[in-house]
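Structure, as structure tokens:
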Amino acid sequence: MQTRRQFIQKAGLTTLAAVNLPFAESFSGSVFSKEDKILRVAIMGLGSYGTRVAEAMRDCKRAKLVGVVSGTPSKIESWKEKYGIPAKNCYNYENFDQIKDNPDIDAVYVITPNSLHKPYAIRVAQAGKHVICEKPMALNAAEAKEMVAACKSAGVHLLVGYRMHFEAKTLEVVRRQRAGEFGKTLFFQGLSGFIIGDPNQWRLNKELAGGGSMMDIGIYSVNGARYMLGEEPIWVTAQEVKTDPIKFKEGVDETITFQMGFPSGAVASCLSTYSLNNLDKFFLNGTKGFAEMQPSTGYGPIQAWTNKGPIEAEHITHQTTQMDEMAQIILEGKKPIIPVDGAEGLRDMVIIDAIYKAVRTGEKVMLV
54 MQTRRQFIQK
64 AGLTTLAAVN
74 LPFAESFSGS
84 VFSKEDKILR
94 VAIMGLGSYG
104 TRVAEAMRDC
114 KRAKLVGVVS
124 GTPSKIESWK
134 EKYGIPAKNC
144 YNYENFDQIK
154 DNPDIDAVYV
164 ITPNSLHKPY
174 AIRVAQAGKH
184 VICEKPMALN
194 AAEAKEMVAA
204 CKSAGVHLLV
214 GYRMHFEAKT
224 LEVVRRQRAG
234 EFGKTLFFQG
244 LSGFIIGDPN
254 QWRLNKELAG
264 GGSMMDIGIY
274 SVNGARYMLG
284 EEPIWVTAQE
294 VKTDPIKFKE
304 GVDETITFQM
314 GFPSGAVASC
324 LSTYSLNNLD
334 KFFLNGTKGF
344 AEMQPSTGYG
354 PIQAWTNKGP
364 IEAEHITHQT
374 TQMDEMAQII
384 LEGKKPIIPV
394 DGAEGLRDMV
404 IIDAIYKAVR
414 TGEKVMLV
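Mind the numbering: the sequence shown is residues 54 to 421 in the numbering used here, read in order.
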């Protein structure tokens with residue numbers, strides 16, 4: 054069985070040239086009618102996070118796991134039995150293109166190493182299936198633009214796996230900020246970190262991951278600052294610290310501190326690291342109050358409070374809510390409070406590109 058990488062190289066994937074697209078992404082067609090109530094999903098990449106999504110989908114009301122794509126035959130057999138997946142909906146990386154002829158699969162959730170997001174998202178789109186892509190959307194903004202263009206050309210949705218955009222306490226903080234309950238919001242702090250283990254894993258391989266902690270968890274603070282402040286940054290500065298150059302090789306960041314400035318005058322101060330535990334916090338401060346979340350992005354229950362007291366909401370597995378909400382976006386055109394489309398993913402990649410440039414140059418990088 055060929056690996057994903059070998060198959061991509063053999064297939065000679067031709068991608069669309071990067072284009073300057075507006076952030077308002079349009080959608081011109083659909084393979085569904087509104088009478089079709091269940092989004093039928095295949096998961097591509099049956100690793101630990103793919104398993105987490107599959108387990109969460111057991112409780113979904115609007116989305117159903119119906120197919121798999123994997124280069125490991127034993128995983129396919131295990132998932133067929135565990136999730137009741139018919140053999141006709143199982144693919145490997147050699148016969149994957151045949152999915153275009155399968156009317157029982159509506160969308161494919163790409164949960165592969167980061168470097169494979171673009172090529173496989175484009176292949177999914179070319180097969181006429183809607184694309185759900187795990188974050189980070191791509192290795193950089195140029196790749197993200199290609200993905201947006203390919204999905205637009207194919208007339209399919211492109212959604213990015215921003216599960217926190219549907220989490221109840223997160224949405225309540227955003228609602229209060231937009232309602233002006235905190236006054237003029239002037240400061241955001243985002244802390245994201247844990248001590249990463251196996252030094253041989255793909256997340257510490259620049260070719261597969263595209264970077265280090267920033268691509269994996271720093272993106273939460275980039276994205277969180279944007280939706281918590283309700284603005285797009287206009288400049289970034291950043292600094293890198295590396296204490297273990299053997300584990301964190303060239304191009305794989307161990308720790309990055311970064312700052313962002315916004316049109317209102319608000320600033321964000323953030324930390325992304327693979328060398329410290331107990332870092333999962335958002336803090337938003339305004340002229341009339343504050344909001345704090347800790348943990349703010351972890352898989353378990355989110356804890357949130359403001360100057361007026363705790364925020365209460367039922368904890369539902371994030372990926373369950375995510376997949377049900379994404380089904381409604383695709384099937385019914387529902388507009389989420391915080392976008393999860395390709396344009397949203399592209400915005401984050403533009404900022405992350407700028408952060409890496411600021412690290413290299415030591416200079417403030419303007420975004421406008």
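Virtual Cβ for every residue (Gly too), placed ideally from N, Cα, C. For clarity, every value in this text was computed on a predicted model and none was experimentally measured.
Less than 8 angstroms between the C-beta atoms of L324 and L337, yes or no? no
Check whether the stretch 297-315 touches the stretch 223-235, counting contact only when three or more Cβ pairs, one atom from each stretch, lie closer than 8 angstroms. No, the stretch 297-315 does not touch the stretch 223-235.
Assign N276 to buried or exposed, taking buried as 16 or more other Cβ atoms, counted over all protein chains shown, within 10 Å of its Cβ. buried
Cα separation between R413 and Q312? 15 angstroms
Does M190 come out as helix, strand or coil in the three-state DSSP assignment? coil
Here's a check: name, in chain order, each residue in its chain whose Cβ is nearer than 6 angstroms to the Cβ of K117, leaving out the five neighbours to either side. Once the five neighbours on either side are set aside, the close Cβ partners of K117 are I91, R93.
Quick check on the burial criterion: 16 or more other C-beta atoms within 10 angstroms. Buried or exposed for Q159? With the sequence shown as reference, residue 159 is identified as Asp, and Gln is not the correct amino acid for it. It is buried - the Cβ of D159 has at least 16 other Cβ atoms within 10 Å.
Using 8 angstroms as the threshold, is the C-beta distance between K171 and M200 below it? Remark: C-beta atoms of K171 and M200 approach each other more closely than 8 angstroms.
Quick check: the Cα distance between G283 and Q375, rounded to an integer number of angstroms? 21 angstroms
On the CB-based measure, 16 or more other CB atoms within 10 Å of its CB, does E130 come out buried or exposed? Burial call: exposed.
Exposed or buried, N253, counting other C-beta atoms within 10 Å across all chains shown (16 or more means buried)? Taking all protein chains in view, the Cβ of N253 is surrounded by fewer than 16 other Cβ atoms within 10 Å, so the residue is classified as exposed.
Out of C143, G342, K334, state which residue places its alpha-carbon closest to the alpha-carbon of I355. K334
CA-CA distance, L212 and K188? 10 angstroms
Got a sec? Which residues, its chain only, sit under 6 angstroms from F235 by beta carbon, not counting five neighbours each side? G339, K341, G342
Beta carbon of C143 nearer than 8 angstroms to that of V163: no
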